[in-house]
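Numbering (this note's numbering), first residue to last: 11 to 639.
Ideal Cβ placement from N, Cα and C applies to all residues, glycine included.
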């Protein structure tokens, strides 16, 4: 009975194996089936040089691409047809290498050694065996349904034959570099098949550009921010002091309730930090170029900050009295001096967390917070002239709220909010439905002190802190009532010029600049006729160091910067030349400005003058402009 090999060809039955003469499969033997022994068909032997040698392993066992092709040295005689022969006795092999059986072929226990031709001969010799190898290589593998051995036995046969070939021929005769290359190539291929999950990160990218057309949102923030700068109010404090006949005889500060804040609505404010974004290093360069700054203005700012740094006391505070020259003799106000100095550093982009002067700001802010009481006031723990108390309170509130707005440091949130709450609780009524602040909490109102508190409230709004709307409404009504009315022979738009106090007759250019800045913060439009008329009035009083008035110049500089256009360019052309020129360039006072000749220099001293001049030179980037230019 014939069988078919995996190529579909009829082959003689397989000779019996030792221990299994019937040639049955392991499965049949396990089931106890006994079959008659098949007839033994002798295998033809190859004759070479007249001698008979054991048959060579069939090509179906050794893959074609691995098998070496012998290079004949002499012509091979034709192979004689197979002649049946009597079965020869099977001799037991000494130590046979286990070889799986292949249909239609029988492996000898020990294949005869074969001559290995030179490498070149192996690549050039071609005979009929190559054709057979190619046909075998392209033959399909048997399926489990084919007759003959099962798929498992066939795979085991191929595996054993491959191992034998590799161990006896391929590896011993392959160069070391090839073995290494194949090994590493196999490892690389295995690793390449390993699928690793790819993590895709989709970051949210925000592209920011600087453009005047986009400054509408910044406008509101800018308004609030610029308000912070007015810390220079100390001079004004001195001016108002003359109205107080006996500050020491003033009644004790009354206690005020804060219930009005419970129902107050939190004001809406632009995106936090936008109004201060011009202080960042990259933005500063752009803002300087856009609004007329120069190397001279920036150099003057740097010299001023160095002077302030040198004069900071060991406890973190600053002094109006010294140790520098031209201090205020007999008058000390560490609260106002510390708040004003901090605003100069913060205006240039320094905080307690970043910037060249962060250690200076950190010490100064820690000292300032130590002065604050539980109710939010700063002056209660300080020995300050009564006419200076609320000026200093407003300046300290600005410094804390601004620093919180720049950093969002949670440690500053509570002190800033308490200061804002205190400001609202001590707002006084002007008697005509409006409200503001002056020297004593809850008593009397004037434009100078009220302006500082407007700036403080706006700095709080910039940091998204709670500011009650009724407080702002009362401020607007006070400004309406403090506007100057044209007298006989005067022609100007009512609401464009302002008084120091309600009831006075003569308007003041300094109070007009401060009040108009408050109007900008409170929402007046750029094209408001009252604002345009007031700006024209301020333009008629330009900067001149022959008659220093830095308190007025500071507010006017902010007002003009927000207005933009020709009014700002004309003002800036003078300011950016006059201030750097007047700055001290040598000696221990290098970087500061002398208070000599200034209207309030005798009450504020050199530190007061230096801080206000620094604020003006920082105007290009200190706050983003309120209006579109």
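By the beta-carbon neighbour count (other beta carbons within 10 angstroms, threshold 16), residue 381 is buried.
Of all alpha-carbon atoms in 435, 572, 507, the one lying nearest the alpha-carbon of residue 497 is that of 507. Following the DSSP letters along the chain, one finds residue 572 inside the alpha helix (DSSP H) bounded by residues 560-573. By the C-beta criterion, the region 358-373 is judged not to be in contact with the region 424-433, since fewer than 3 inter-stretch pairs fall below 8 Å. Beta-bridge partners of residue 508 (DSSP): 493. In the same chain as residue 615, and ignoring 5 residues on each side of it, the C-beta atoms closer than 7 Å to its own belong to 330, 336, 337, 338, 605, in chain order. Taking C-alpha positions only, residue 540 is separated from residue 503 by approximately 6 Å. Ranked by Cα distance from residue 452, the options 462, 458, 438, 445 are led by 438. With contacts defined as CB atoms closer than 8 Å, residue 457 and residue 509 qualify as a contacting pair. Excluding residues up to 5 positions away in sequence, 502, 506, 507, 519, 522 lie with their Cβ nearer than 8 Å to the Cβ of residue 547 in the same chain.
For residue 431, the enclosing alpha helix (DSSP H) has its first and last residue at 420-435. In summary, residue 465 is buried, with 16 or more beta-carbon neighbours lying within 10 Å of its beta-carbon over all protein chains present. By alpha-carbon distance to residue 368, the top candidate from 379, 378, 355, 377 is 355.
By DSSP's assignment, residue 461 forms no beta bridge with any residue. Non-local beta-carbon contacts of residue 390 in its own chain, meaning distances under 6 Å to residues more than five positions away in sequence, involve 383 in chain order. Contact between residue 417 and residue 450 does not hold, since their C-beta atoms are separated by about 33 Å, which reaches or exceeds 8 Å.
Counting only residues of its own chain and dropping the five nearest sequence neighbours on each side, residue 534 has a CB closer than 7 Å to the CB of 541. In this structure, residue 572 sits away from residue 631, with a CB-CB distance that is not shorter than 8 Å. Rounded to the nearest whole angstrom, the C-alpha separation of residue 593 and residue 318 is 14 Å. Boundaries of the alpha helix (DSSP H) harbouring residue 620: 611-627, taken from the DSSP string. In the structure shown, residue 439 falls within a strand segment according to DSSP collapsed to helix, strand and coil. The C-alpha of residue 570 is placed about 10 Å away from the C-alpha of residue 564. DSSP places residue 482 within a helical segment (H, G or I) once states are collapsed to three. Between residue 304 and residue 586, the CB-CB gap stays under 8 Å. Closest option to residue 554, judged by alpha-carbon separation, among 588, 400, 568: 588.
Between the C-alpha atoms of residue 343 and residue 405 there is a straight-line separation of about 12 Å. By DSSP's assignment, residue 450 forms a beta bridge with 453. Annotation: residue 605 is outside any alpha helix (DSSP H) and is labelled neither H nor E by DSSP. Per DSSP, the unbroken alpha helix (DSSP H) holding residue 539 starts and ends at 539-549. Under the DSSP assignment, residue 350 falls in the alpha helix (DSSP H) whose first and last residues are 344-357. Here residue 303 carries a coil assignment [DSSP, helix/strand/coil]. Considering only 312, 500, 602, 529, the residue with the shortest C-alpha distance to residue 515 is 500. Around the beta-carbon of residue 578, 16 or more other beta-carbon atoms lie within 10 Å, marking it buried.
In the displayed model, residue 445 falls within a strand according to three-state DSSP.
The alpha carbon of residue 627 has as its nearest neighbour, out of 580, 413, 188, 302, the alpha carbon of 302. Scanning its chain for C-beta atoms nearer than 7 Å, with the 5 sequence neighbours on each side dropped, one finds around residue 422 the residues 410, 413, 414, in chain order.
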